[in-house]
Ligand code: PAF
């Protein structure tokens, strides 16, 4: 595995590949877990060359959010990436991605209005800008994202469509712990009590999914379960359609950790 810390170094590695080689990109913010590993495995199976990036992108964190506290473990991430067969690991600095004088931002409009976009103003501008930069630097044939961040995945798909990037966006199912909690780099920040309470999030969403299957209101069902867990501070439970897929989504806080999750619903709202 080759590690590139600058855009030029990554470009040189990319240019050394035989023409026609299909490159798969797995963009991450590091603290790699089994969810990321599933993306890396899919990229390994479907592409000639796998590029992973580790960049805790300050532009997608708002003031007072957890940019400083976001888990970072470069040594462990390098080992994981190597074990998973990553060919090139891109670990740029903030100055490399946003040099002095940087002033171009990507705004995806309608899709970013509600849910995470409403809860975290400017978040998707930061995500879209970082993703477009990574796409331009790596020039992948495919890029891999997790279903857990359903709105993010939809925003990236929209960006790729609107700007004719010609990249296939692969969205892979959420990987969960035994009690259903969606894997997230932030889960390590949960106290034991918060970790136990966090399992109410997938429990509520699954109950909502089941209610929907029986013709009942998925939002009301999920909300009832989520509101009854005293350690969780519920932010939203909503349904939304992204790219023809109908989702039940929720966000909640467990102490200082913000958790998001979603499940797919069959049929129409
Ligand atoms: O999902 C993430 O880890 C980040 O939002 C991403 C896609 C790497 C962009 O910074």
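In the working numbering, the protein residues as written are 99 to 367. No residue lacks a Cβ here, since even glycine has one placed at the ideal position from N, Cα and C. Model, not experiment: these values are computed from the prediction.
(1) Cβ-heavy atom distance between residue 164 and the ligand PAF below 7 Å?
(2) I'd like the ranges of any alpha helix (DSSP H) spanning at least 4 consecutive residues and lying wholly in the stretch 141 to 203.
(3) Comparing alpha-carbon positions, which option in 117, 236, 294 lies nearest residue 106?
(4) Using C-beta distances below 7 Å, list every residue in its chain close to residue 275, excluding the 5 sequence neighbours before and after it, in chain order.
(5) If you reduce the DSSP assignment to three classes, tell me which class residue 122 lands in.
(6) Inspect the CB distances between the stretch 198 to 211 and the stretch 122 to 129 and report whether three or more fall short of 8 Å.
(7) Go through the residues and name those whose CB comes closer than 6 Å to any heavy atom of the ligand PAF, in chain order.
(8) I need the DSSP call for residue 115, collapsed to helix, strand or coil.
(9) What separation, rounded to the nearest whole angstrom, lies between the Cα atoms of residue 112 and residue 148?
(10) Report buried or exposed for residue 300, applying the criterion of at least 16 other Cβ atoms within 10 angstroms of its Cβ.
(11) Does the count of Cβ pairs from the stretch 259 to 274 and the stretch 236 to 247 closer than 8 Å reach three?
(12) With residue 310 as the anchor, note down where its alpha helix (DSSP H) starts and where it stops.
(13) Check this for me: beta carbons of residue 324 and residue 345, under 8 Å apart or not?
(14) Is the beta carbon of residue 157 closer than 8 Å to that of residue 196?
(15) Between the C-alpha atoms of residue 203 and residue 229, what's the straight-line distance to the nearest angstrom?
(16) Is the beta carbon of residue 189 sitting closer than 8 Å to the one on residue 103?
(17) Check whether the Cβ atoms of residue 150 and residue 121 lie closer than 8 Å to each other.
(18) Within its chain, find whatever has a CB closer than 6 Å to the CB of residue 257; leave out the 5 residues flanking it on each side and keep chain order.
(19) Roughly how many angstroms lie between the CA atoms of residue 100 and residue 186, to the nearest whole one?
(20) Would you grab the beta carbon distance between residue 267 and residue 251 for me? Rounded to a whole angstrom, and I think it's under 8 Å.
(21) Measuring CB to CB, does residue 264 end up less than 8 Å from residue 304?
(22) Use the C-beta contact count for residue 312: other C-beta atoms within 10 angstroms, 16 or more gives buried, fewer gives exposed.
(23) Using the rule of at least 16 other Cβ atoms within 10 Å of the residue's Cβ for burial, across every protein chain shown, is residue 289 buried or exposed?
(24) Tell me which same chain residues have a C-beta within less than 6 Å of the C-beta of residue 321, skipping the five on either side of it?
(25) Of all the options 146, 317, 224, which has the alpha carbon lying nearest to the alpha carbon of residue 117?
(26) So which of 349, 354, 136, 219 has the shortest CA-CA distance to residue 317?
(27) So, helix, strand or coil for residue 337, using DSSP?
Taking the coordinates as given:
(1) The residue given as residue 164 occupies position 66 in the chain shown. Result no, Cβ not under 7 Å from the ligand PAF.
(2) 172 to 181, 192 to 195
(3) The residue given as residue 106 occupies position 8 in the chain shown. For residue 106, the nearest C-alpha among the options comes from 236.
(4) Looking up residue 275 in the chain shown gives position 177. If we look at residue 275 and ignore the five residues flanking it on each side, its Cβ neighbours are 281.
(5) Translated into positions along the chain shown, residue 122 becomes position 24. In this structure, residue 122 counts as strand in the three-state DSSP scheme.
(6) no
(7) 125, 126, 127, 155, 158, 225, 228, 229, 247, 250
(8) Taking the first residue of the chain shown as 1, we reach residue 115 at position 17. Looking at residue 115 - three-state DSSP - the assignment turns out to be coil, as it is neither helix nor strand.
(9) Translated into positions along the chain shown, residue 112 becomes position 14. Translated into positions along the chain shown, residue 148 becomes position 50. Each residue's alpha carbon lies about 11 Å from the other.
(10) Start at 1 with the first residue of the chain shown, and residue 300 comes out as number 202. The residue is buried, with at least 16 neighbouring Cβ atoms inside 10 Å.
(11) yes
(12) Counting from one through the chain shown, the residue named residue 310 turns up at place 212. Segment 298 to 311, the alpha helix (DSSP H) holding residue 310.
(13) Locating residue 324 in the chain shown gives position 226, counting from the first residue. Locating residue 345 in the chain shown gives position 247, counting from the first residue. Cβ atoms of residue 324 and residue 345: not closer than 8 Å.
(14) By 1-based counting over the chain shown, the position of residue 196 is 98. By 1-based counting over the chain shown, the position of residue 157 is 59. Yes, the pair counts as a contact, with Cβ atoms nearer than the cut-off.
(15) Counted from its first residue, the chain shown places residue 203 at position 105. Counted from its first residue, the chain shown places residue 229 at position 131. For residue 203 and residue 229, the distance between alpha carbons rounds to 11 Å.
(16) Taking the first residue of the chain shown as position 1, residue 189 is located at position 91. Taking the first residue of the chain shown as position 1, residue 103 is located at position 5. Taking 8 Å as the Cβ cut-off, residue 189 and residue 103 qualify as a contacting pair.
(17) Counting from 1 along the chain shown, the entry for residue 150 is found at position 52. Counting from 1 along the chain shown, the entry for residue 121 is found at position 23. Not closer than 8 Å, so no.
(18) Sequence index remark: in the chain shown, residue 257 carries index 159 (1-based). The answer, listed in chain order, is 206, 226.
(19) For this step, residue 100 is matched to residue 2 along the chain shown. For this step, residue 186 is matched to residue 88 along the chain shown. Distance between the alpha carbons of residue 100 and residue 186 is about 5 Å.
(20) In the chain shown, counting from the first residue as 1, residue 267 sits at position 169. In the chain shown, counting from the first residue as 1, residue 251 sits at position 153. Confirmed, about 7 Å.
(21) Stepping through the chain shown from its first residue, residue 264 is reached at position 166. Stepping through the chain shown from its first residue, residue 304 is reached at position 206. No, these two residues do not count as a Cβ contact at 8 Å.
(22) Working through the chain shown from its first residue, we reach residue 312 at position 214. That one is exposed.
(23) Start at 1 with the first residue of the chain shown, and residue 289 comes out as number 191. Per the 10 Å Cβ criterion, exposed.
(24) Locating residue 321 in the chain shown gives position 223, where the first residue counts as 1. 335.
(25) Here residue 117 refers to the residue found at position 19 of the chain shown. For the residues 146, 317, 224, the minimum Cα distance to residue 117 belongs to 146.
(26) Locating residue 317 in the chain shown gives position 219, counting from the first residue. For the residues 349, 354, 136, 219, the minimum Cα distance to residue 317 belongs to 349.
(27) Start at 1 with the first residue of the chain shown, and residue 337 comes out as number 239. Residue state, collapsed to three classes: strand.
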